[in-house]
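>
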Amino acid sequence: MSEPLVLGIESTCDETGVALVRGRELLGDVTATSMDEYARYGGIIPEIASRAHLESFIPTLDAALAAADVDLGQVDAVAVCAGPGLIGSLTVGVSAAKALAVSLGRPVYGVNHVIGHLAVDELTDGPLPERFIGLIVSGGHSNLLSIRNIATDVVELGGTLDDAAGEAFDKVGRLLGLPYPGGPHVDRLARAGDRHAIRFPRGLAAGKDKERHRYDFSFSGLKTAVARYVESLQDAGQEVPGAHVCAGFSEAVNDSLTAKAVQACLDHDCDTLVVGGGFSANSRLRELAAQRCAAAGITLRLPPLRYCTDNGAQIAALGSAAVRAGVEPSPLGFAPDSGMPLSVTVVH
Ligand code: KG4
Ligand code: ZN
Numbered sequence: 010m011s012e013p014l015v016l017g018i019e020s021t022c023d024e025t026g027v028a029l030v031r032g033r034e035l036l037g038d039v040t041a042t043s044m045d046e047y048a049r050y051g052g053i054i055p056e057i058a059s060r061a062h063l064e065s066f067i068p069t070l071d072a073a074l075a076a077a078d079v080d081l082g083q084v085d086a087v088a089v090c091a092g093p094g095l096i097g098s099l100t101v102g103v104s105a106a107k108a109l110a111v112s113l114g115r116p117v118y119g120v121n122h123v124i125g126h127l128a129v130d131e132l133t134d135g136p137l138p139e140r141f142i143g144l145i146v147s148g149g150h151s152n153l154l155s156i157r158n159i160a161t162d163v164v165e166l167g168g169t170l171d172d173a174a175g176e177a178f179d180k181v182g183r184l185l186g187l188p189y190p191g192g193p194h195v196d197r198l199a200r201a202g203d204r205h206a207i208r209f210p211r212g213l214a215a216g217k218d219k220e221r222h223r224y225d226f227s228f229s230g231l232k233t234a235v236a237r238y239v240e241s242l243q244d245a246g247q248e249v250p251g252a253h254v255c256a257g258f259s260e261a262v263n264d265s266l267t268a269k270a271v272q273a274c275l276d277h278d279c280d281t282l283v284v285g286g287g288f289s290a291n292s293r294l295r296e297l298a299a300q301r302c303a304a305a306g307i308t309l310r311l312p313p314l315r316y317c318t319d320n321g322a323q324i325a326a327l328g329s330a331a332v333r334a335g336v337e338p339s340p341l342g343f344a345p346d347s348g349m350p351l352s353v354t355v356v357h
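Per the working numbering: the sequence shown = residues 10 to 357.
(1) If I measure Cβ to Cβ from Val164 and keep anything under 7 Å in the same chain, skipping five residues before and after, which residues do I get?
(2) Look at the alpha carbon of Arg333 and the alpha carbon of Leu14, and state the distance between them as a whole number of angstroms.
(3) Hey, which residues come within less than 6 Å of the ligand ZN, measuring from Cβ to any heavy atom, in chain order?
(4) Taking only three categories from DSSP, how would you classify Tyr189?
(5) Comparing the CB of Phe228 with every heavy atom of the ligand KG4, is any distance shorter than 6 Å?
(6) State yes or no: is the C-beta of Pro188 nearer than 6 Å to some heavy atom of the ligand KG4?
(7) Compare the beta carbon distance of Gly286 and Ser147 with 7 Å and say whether it is the shorter of the two.
(8) Does the pairing of the stretch 264 to 278 with the stretch 221 to 228 give three or more beta-carbon distances under 8 Å?
(9) Whole angstroms are fine: how far does the CA of Asp80 sit from the CA of Glu64?
(10) Three Cβ pairs or more, each shorter than 8 Å: is that satisfied between the stretch 30 to 48 and the stretch 67 to 74?
(11) In the stretch 40 to 113, which residue ranges form an unbroken beta strand (DSSP E) of at least 3 residues, counting only runs that do not cross its ends?
(12) Using the rule of at least 16 other Cβ atoms within 10 Å of the residue's Cβ for burial, across every protein chain shown, is Ala304 buried or exposed?
(13) Please report the distance separating the alpha-carbon of Val262 from that of Ala214.
(14) Between which two residues does the alpha helix (DSSP H) containing Asp218 stretch?
(15) Using a Cβ-Cβ cutoff of less than 7 Å, which residues in the same chain neighbour Gly328 once the five nearest sequence positions on both sides are dropped?
(16) On the three-state DSSP scale, how would you describe Gly287?
(17) Could you tell me how far apart the beta carbons of Ala326 and Val129 are, in whole angstroms, since I believe they sit closer than 8 Å?
(18) Given the structure, does Asn158 come close to the ligand KG4, in the sense that its CB is under 6 Å from one of the ligand's heavy atoms?
(19) Check for me: the alpha helix (DSSP H) holding Thr161 runs from which residue to which?
(20) So Gly246 and Gly26 are in contact, right, with Cβ under 8 Å, and what is the actual spacing, rounded?
(21) To the nearest angstrom, how far is it from the Cα of Arg33 to the Cα of Ile207?
(22) Please state the DSSP three-state secondary structure of Ile145.
(23) Out of Cys302, Ala298, Ser292, point me to the one whose CA is closest to Leu314's CA.
(24) Put Gly251 into one of helix, strand or coil per three-state DSSP.
(25) Using the rule of at least 16 other Cβ atoms within 10 Å of the residue's Cβ for burial, across every protein chain shown, is Val111 buried or exposed?
(26) Gln83: buried (16+ other C-beta within 10 angstroms of its C-beta) or exposed?
(27) Is Asn320 helix, strand or coil when you go by DSSP?
(28) According to DSSP, is Leu231 part of a helix, a strand, or is it coil?
(29) Taking 6 Å as the cut-off, does the CB of Ala290 come closer than this to any heavy atom belonging to the ligand KG4?
(30) Indicate whether Phe288 and Phe258 have their beta-carbon atoms separated by less than 7 Å.
(31) DSSP three-state call for Phe258: helix, strand or coil?
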């Protein structure tokens with residue numbers, strides 16, 4: 010018998026994503042986004058995002074079913090992101106998922122959006138190994154995880170003490186007057202700059218902090234150093250070398266992320282590093298991670314660019330992994346959790 014058909018629904022932030030996965034095969038995946046509406050505000054407006062989810066959900070569902078060439082009646086289980094994210098956005102997706110599950114008479118799995126960023130890797134690179142280190146880098150998270158089973162056994166090793174990697178990039182983008190979200194723009198500018206021109210500090214990289222926070226990150230000191238550098242030039246009426254600033258800043262962030270991720274692999278005797286999250290689209294992260302993993306004999310698994318930012322496939326992939334692992338579905342009364350911890354993969 011073929012494996013169950015899982016419908017995945019993503020609505021944590023500005024993307025409405027719907028995907029269909031059978032086993033580890035992605036059959037259809039459609040994403041709508043309301044990001045264009047936020048450029049003039051310089052950040053996401055939760056009320057606008059919630060309304061956009063409500064408007065986009067049915068068309069996105071229809072498009073995903075058509076892309077997968079399946080009927081709603083064939084769906085065996087519904088997976089939906091239960092958190093972390095914007096509560097209004099999550100509520101739209103969770104309500105839609107429950108309505109579908111009840112009307113179809115199928116189970117619903119409220120899954121962790123962040124862990125989904127790693128699960129999506131199975132759809133492109135095949136089954137995850139028995140043990141691996143996960144590096145999550147997104148707008149809200151920068152975490153190192155030790156994983157034995159993506160659906161049942163995820164242990165947090167560390168995370169950021171302040172800003173997430175994507176968040177730090179967005180803030181530096183704002184400082185330099187780049188459009189929101191700044192991450193991709195800072196990445197693009199960094200490629201044109203000299204990463205050795207300006208050396209910015211690496212957080213938690215020396216002294217007692219290095220050992221005490223072996224798997225933690227800190228980017229707020231770096232962000233302040235960048236702000237001071239830019240402001241001192243502006244105050245002196247000098248031109249800010251934007252590309253060099255971005256290159257030096259990007260190097261500092263990516264040096265910390267990749268050094269600690271490789272260290273975690275070596276410490277835990279894991280030969281695979283899986284990276285996921287919106288920031289895993291960053292070109293220097295991809296380059297430096299590849300170099301350092303190769304040098305340490307570690308297999309690096311990175312999602313293709315289109316699965317880095319939020320999508321329905323990551324939710325369907327994690328839902329499918331939960332079904333495969335025999336995890337109990339979520340009770341129908343479950344609520345979304347804007348601060349869902351990494352210790353919870355499926356809500357119970
Ligand atoms: O995972 P994601 O789509 O949403 C969250 O769950 O947070 O990540 C979005 C974050 C934003 O901060 C965005 O600026 C950042 O990922 N991002 C990038 C790049 N592409 C997206 N940051 C740096 N370089 C990029 N190429
Ligand atoms: Zn995300």
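Even glycine gets a Cβ: it sits at the ideal position worked out from N, Cα and C.
Nothing here was measured: the structure is a model prediction, and the numbers come from that model.
On the basis of the data shown:
(1) Leu154, Ser155
(2) 11 Å
(3) His122, His126, Ser147, Gly286, Gly287, Asp319
(4) coil
(5) no
(6) no
(7) yes
(8) yes
(9) 21 Å
(10) yes
(11) 86 to 92
(12) exposed
(13) 11 Å
(14) 216 to 221
(15) Val15, Gly17, Ala86, Ala88, Tyr118, Val120
(16) helix
(17) 5 Å
(18) no
(19) Per DSSP, Thr161 belongs to no alpha helix (DSSP H) and is neither H nor E.
(20) Going by Cβ atoms, the distance from Gly246 to Gly26 rounds to 47 Å, so no, they are not a contact pair.
(21) 44 Å
(22) strand
(23) Ser292
(24) helix
(25) exposed
(26) exposed
(27) coil
(28) helix
(29) yes
(30) no
(31) helix
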